[in-house]
Amino acid sequence: MNDMTIGAAQGAPEPSDIVFTGRDDEFRDLLFKGTPLEIITVGFYRFWLATKIRQHLWSHTILDGDAFAYLGTARELLIGFFFAMAILAPIYLASFLLGVEAEREKSFASMLVGVFFVAFWQFAVYRARRYRLHRTAWRGLRFHMDGSGLSYALNAMGWGLLTVISLGLALPWMQAGLERYKMRHTYYGELRGDFVATGDNFFKHGWRLWVAAALTTTAYFAGPVLTGITKEAGWLLLMLPTLAAAVFIYARFKALQWKWWLEGVRIGDVWASSTLEAHALTGNYWTFVGLLFASGVAALTVGLAIGLMPKIPGIILGVLIYLALIVQYSILWRTYFVQRVWRIVVNSLTVHNLHAAQEVAMRLDASSPTALGESFADSLDVVGF
Amino acid sequence: MTGKFEAIYFDGLVNKKRRVTLAFGPTLDIGEDGAVLSAWSYADVRRIPAPSDVMRLRAIGAAQLAQLEVRDPESRREIERRCPKLTDDEALHADGSTLKIVGWSLAATISLVGLIWFGVPFAADRLAPLVPVAWEKRLGDAAEGQVREIFDGKSCASPKGAAALAKLSQRLQDASGLRLPATIEAISSKTPNAFALPGGKVFILAGLLEKAQSQDEILGVLAHEFGHLQNRDHLRHVIADGGIAYLFGLLFGDVTGGGAIVLVGKTLLTTANSRDAEAQADAFAAKTLDRLGRPAKPMGELLLRVTGKEKDGFLTILNDHPLSEDRLAKLAAADKATADPVLTDDEWKALQKICD
Numbered sequence: 025m026n027d028m029t030i031g032a033a034q035g036a037p038e039p040s041d042i043v044f045t046g047r048d049d050e051f052r053d054l055l056f057k058g059t060p061l062e063i064i065t066v067g068f069y070r071f072w073l074a075t076k077i078r079q080h081l082w083s084h085t086i087l088d089g090d091a092f093a094y095l096g097t098a099r100e101l102l103i104g105f106f107f108a109m110a111i112l113a114p115i116y117l118a119s120f121l122l123g124v125e126a127e128r129e130k131s132f133a134s135m136l137v138g139v140f141f142v143a144f145w146q147f148a149v150y151r152a153r154r155y156r157l158h159r160t161a162w163r164g165l166r167f168h169m170d171g172s173g174l175s176y177a178l179n180a181m182g183w184g185l186l187t188v189i190s191l192g193l194a195l196p197w198m199q200a201g202l203e204r205y206k207m208r209h210t211y212y213g214e215l216r217g218d219f220v221a222t223g224d225n226f227f228k229h230g231w232r233l234w235v236a237a238a239l240t241t242t243a244y245f246a247g248p249v250l251t252g253i254t255k256e257a258g259w260l261l262l263m264l265p266t267l268a269a270a271v272f273i274y275a276r277f278k279a280l281q282w283k284w285w286l287e288g289v290r291i292g293d294v295w296a297s298s299t300l301e302a303h304a305l306t307g308n309y310w311t312f313v314g315l316l317f318a319s320g321v322a323a324l325t326v327g328l329a330i331g332l333m334p335k336i337p338g339i340i341l342g343v344l345i346y347l348a349l350i351v352q353y354s355i356l357w358r359t360y361f362v363q364r365v366w367r368i369v370v371n372s373l374t375v376h377n378l379h380a381a382q383e384v385a386m387r388l389d390a391s392s393p394t395a396l397g398e399s400f401a402d403s404l405d406v407v408g409f
Numbered sequence: 008m009t010g011k012f013e014a015i016y017f018d019g020l021v022n023k024k025r026r027v028t029l030a031f032g033p034t035l036d037i038g039e040d041g042a043v044l045s046a047w048s049y050a051d052v053r054r055i056p057a058p059s060d061v062m063r064l065r066a067i068g069a070a071q072l073a074q075l076e077v078r079d080p081e082s083r084r085e086i087e088r089r090c091p092k093l094t095d096d097e098a099l100h101a102d103g104s105t106l107k108i109v110g111w112s113l114a115a116t117i118s119l120v121g122l123i124w125f126g127v128p129f130a131a132d133r134l135a136p137l138v139p140v141a142w143e144k145r146l147g148d149a150a151e152g153q154v155r156e157i158f159d160g161k162s163c164a165s166p167k168g169a170a171a172l173a174k175l176s177q178r179l180q181d182a183s184g185l186r187l188p189a190t191i192e193a194i195s196s197k198t199p200n201a202f203a204l205p206g207g208k209v210f211i212l213a214g215l216l217e218k219a220q221s222q223d224e225i226l227g228v229l230a231h232e233f234g235h236l237q238n239r240d241h242l243r244h245v246i247a248d249g250g251i252a253y254l255f256g257l258l259f260g261d262v263t264g265g266g267a268i269v270l271v272g273k274t275l276l277t278t279a280n281s282r283d284a285e286a287q288a289d290a291f292a293a294k295t296l297d298r299l300g301r302p303a304k305p306m307g308e309l310l311l312r313v314t315g316k317e318k319d320g321f322l323t324i325l326n327d328h329p330l331s332e333d334r335l336a337k338l339a340a341a342d343k344a345t346a347d348p349v350l351t352d353d354e355w356k357a358l359q360k361i362c363d
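Structure, rendered in structure tokens:
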């Protein structure tokens, strides 16, 4: 009996299953109820809906027989939001005054103030991740995160500049660098995370997508000039094929990025492999585009009909259609960009070396972050799930 | 007998999954291999959300994430029978009822809209006079740079035209009693428009001079712009805009597509404020022209010529200037000249050609 135990610990351990058991219709019901409520409550319900969505996703993600738990509450998000608004008020005022002074020096120099907000946004993204991670638990033990949102923001700004200058070529290394920072400050109990995937590797698998994106962009802008048709007509003609190419490239990029990221993540000695294929997300994104297009055509038809109606009922109907479009877009986005991707990605995973995450103790010096970071992100209009 | 009630237990300190036995004594004893790991008093046990086939429990005073998962029906019945406060934090996990959230959101909206509608203009009126003129000038300097970029910065000053403009400006300032000295500058742009900047700068575009049929029309428009300067409308506008944007930011947040609602709301409110400001500037212009002994009606006629008929426009509520017909009617009341024109005919012609 002892031999068996030792053998299991030393030899190649059994990989562990991770599955997503949430049903599509359950998630749909959640959105059908929650999204209209967001409109009725002029947005305040977003804190409750976001919490419900996370509870749904986390609690149906089951690793080795035990589900993840999402411990955050909507109330926390609401309070964090009020604090964020209070803190942002003087920042807005200062940025306005600074903008006036910059403008006096040089016209339109106040746009530089925008750079500050981009950096602040990165800071908020980091802190929001910290909040979500701390509210995530598995087997009665929390994840958490330390590190500094400020150094992350500076890091992200530097990489961002490099990526813009290099026309996106630096993106793989930017992602590797930023993920390394985030994962090395991520913990599950006292197990420390790491990120071992490299930019080189990402680039090796993804460079064709970069070429495809470059060709598509060039064709869209150079096509009309070369063929001699008028610019407007050319751009309209090229719109559909360009859009199709963009969806195709984006879907492939996301699939590659997920697989690269998941296989690079380490929690202690635990690692994961993914069977996600290059085209795994393509159908999903095409469904999104198709449904969006259909609803757009429907709205346009009704919109034309409204033009023939008397003014006041026409306006009321127009507003209603607009609200319906918001609700519908929101549902589509959360379905096809969040839940479906989550399901496809989780079900592609196999976790290895999970025995290294047994009997992990709580990390004692971990403080509890507030929802403030998430709220900064929220008030800067970052769409999160 | 002890092996009868089985459960899964996480102690919340180490992530070990323990198969434990439950013993219902004076306390709920959680035991593993004969040793008691933890004893929960029945009054402390609370149920937490879980799929229907499992009962998940925590205890007040235990480690925060310590939890017990019970599956077999007999143990669950026993727990339900013995724990009096089992469902006490269900309200907490439900996170408030939906109806309550809707109610409070409506209350918050009403209060915010009230604050935006009444509070913001009030605050702007009270705060604007407190801002030092030097700050106002800085704001004007910043805007001036942008104006020059947008209109290619071509300033017009044919010698005769400039002299006429200076004369007009002087007479206007004497009659209006402005709280700060103003400078009028002509810019070569086809757009028929004139506007004032905080700190005392007024721009008149060549397009408007071209469209004008008499000097009284231009005189009226400039007097109107002086009205904006006198009332510090720019400052009030900036303060009100900032306040409205901030307060509206509390609504919708990152709800996708909500931005358009916020934009329309903002536009409706700022235009309502600005219609009010325009009417006051009109009144100021009428008073000034009265002191100069010149009629106010021509200014209304020029406005109508520039904007075209507006009465049957599609969404008149979105106009930031009062309707030209209405303004014309108001200004037409003052249609008598009691003094000679400010400029001679030659001077007026020179002014019209200031950009040539």
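Each protein sequence line maps, in turn, to chains X and G. The first sequence begins at 25 in the numbering used here and counts up by one. The second sequence begins at 8 in the numbering used here and counts up by one. Just so you know, even glycine gets a beta-carbon here, dropped at the ideal spot from N, CA and C.
Check whether chain G comes within 8 angstroms of residue i, counting only Cβ atoms and requiring the distance to be less than that.
i, result
"alanine 194 (chain X)", "no"
"methionine 109 (chain X)", "yes"
"valine 124 (chain X)", "yes"
"valine 294 (chain X)", "no"
"alanine 348 (chain X)", "no"
"aspartate 90 (chain X)", "yes"
"valine 384 (chain X)", "yes"
"glycine 46 (chain X)", "no"
"glycine 164 (chain X)", "yes"
"tyrosine 155 (chain X)", "no"
By the DSSP assignment, the alpha helix (DSSP H) with residue i in it spans what residues?
i, result
"phenylalanine 109 (chain X)", "Sequence inspection shows methionine at residue 109 (chain X); the phenylalanine mentioned does not correspond to that position. Run containing methionine 109 (chain X): 98-129, per the alpha helix (DSSP H) assignment."
"serine 175 (chain X)", "173-189"
"lysine 208 (chain G)", "Element bounds for lysine 208 (chain G): not the alpha helix (DSSP H) but the beta strand (DSSP E), 208-212."
"leucine 373 (chain X)", "Counting along the chain, leucine 373 (chain X) falls outside any alpha helix (DSSP H), though it belongs to the beta strand (DSSP E) covering 373-376."
Compare the beta carbon distance of residue i and residue j with 8 angstroms and say whether it is the shorter of the two.
i, j, result
"tryptophan 295 (chain X)", "histidine 209 (chain X)", "no"
"alanine 385 (chain X)", "valine 21 (chain G)", "yes"
"leucine 309 (chain G)", "glutamate 224 (chain G)", "yes"
"alanine 14 (chain G)", "glutamate 76 (chain G)", "yes"
"leucine 87 (chain X)", "tryptophan 162 (chain X)", "yes"
"alanine 50 (chain G)", "proline 80 (chain G)", "no"
"leucine 117 (chain X)", "histidine 80 (chain X)", "no"
"alanine 108 (chain X)", "phenylalanine 400 (chain X)", "yes"
"leucine 280 (chain X)", "histidine 229 (chain X)", "yes"
"lysine 144 (chain G)", "glycine 206 (chain G)", "yes"
"leucine 358 (chain G)", "leucine 216 (chain G)", "yes"
"glycine 223 (chain X)", "alanine 200 (chain X)", "yes"
"leucine 93 (chain G)", "arginine 65 (chain G)", "no"
"valine 249 (chain X)", "leucine 258 (chain G)", "no"
In angstroms, rounded to a whole number, what distance separates the CA positions of residue i and residue j?
i, j, result
"phenylalanine 272 (chain X)", "isoleucine 345 (chain X)", "30 angstroms"
"alanine 189 (chain G)", "tryptophan 145 (chain X)", "42 angstroms"
"asparagine 200 (chain G)", "arginine 186 (chain G)", "24 angstroms"
"phenylalanine 202 (chain G)", "isoleucine 191 (chain G)", "10 angstroms"
"leucine 193 (chain X)", "tryptophan 310 (chain X)", "26 angstroms"
"leucine 299 (chain G)", "leucine 179 (chain G)", "8 angstroms"
"glycine 246 (chain X)", "aspartate 159 (chain G)", "Correcting the residue identity first, residue 246 (chain X) is alanine in this sequence and not glycine. The straight-line gap from Cα to Cα measures roughly 30 angstroms."
"threonine 240 (chain X)", "leucine 191 (chain X)", "14 angstroms"
"histidine 420 (chain X)", "tyrosine 16 (chain G)", "Because chain X in this structure spans residues 25 to 409, residue 420 (chain X) falls outside the shown range and cannot be described."
"tyrosine 150 (chain X)", "arginine 83 (chain G)", "42 angstroms"
Compare the C-beta of residue i with all C-beta atoms of chain X and state if any pair is closer than 8 angstroms.
i, result
"leucine 242 (chain G)", "no"
"isoleucine 67 (chain G)", "no"
"lysine 318 (chain G)", "Low per-residue confidence applies at lysine 318 (chain G): pLDDT is 48, beneath 50, and the placement is therefore not dependable enough to give any value."
"alanine 344 (chain G)", "no"
"leucine 257 (chain G)", "yes"
Under DSSP, the beta strand (DSSP E) around residue i begins and ends at which residues?
i, result
"serine 297 (chain X)", "294-298"
"aspartate 36 (chain G)", "35-39"
"histidine 231 (chain G)", "From DSSP, histidine 231 (chain G) is part of no beta strand (DSSP E) but of the alpha helix (DSSP H) over 222-237."
"alanine 221 (chain X)", "Element bounds for alanine 221 (chain X): n/a, residue is neither H nor E."
Cβ of residue i versus every heavy atom of the ligand FMN: is any distance shorter than 7 angstroms?
i, result
"leucine 102 (chain X)", "The ligand FMN is absent from the structure shown, which contains no ligands of any kind."
Exercise for the section: Can you check the region 37-78 of chain X for any alpha helix (DSSP H) of at least 4 residues that lies completely inside it and give the ranges in chain order? Expected result: 48-64
Problem - Runs of alpha helix (DSSP H) lying entirely within the region 86-157 of chain G, each at least 4 residues, in chain order - result: 97-101, 105-121, 127-134, 140-157
Handout entry: Segments of 4+ residues assigned as alpha helix (DSSP H) that fall wholly inside the region 336-376 of chain X
Key = 364-371
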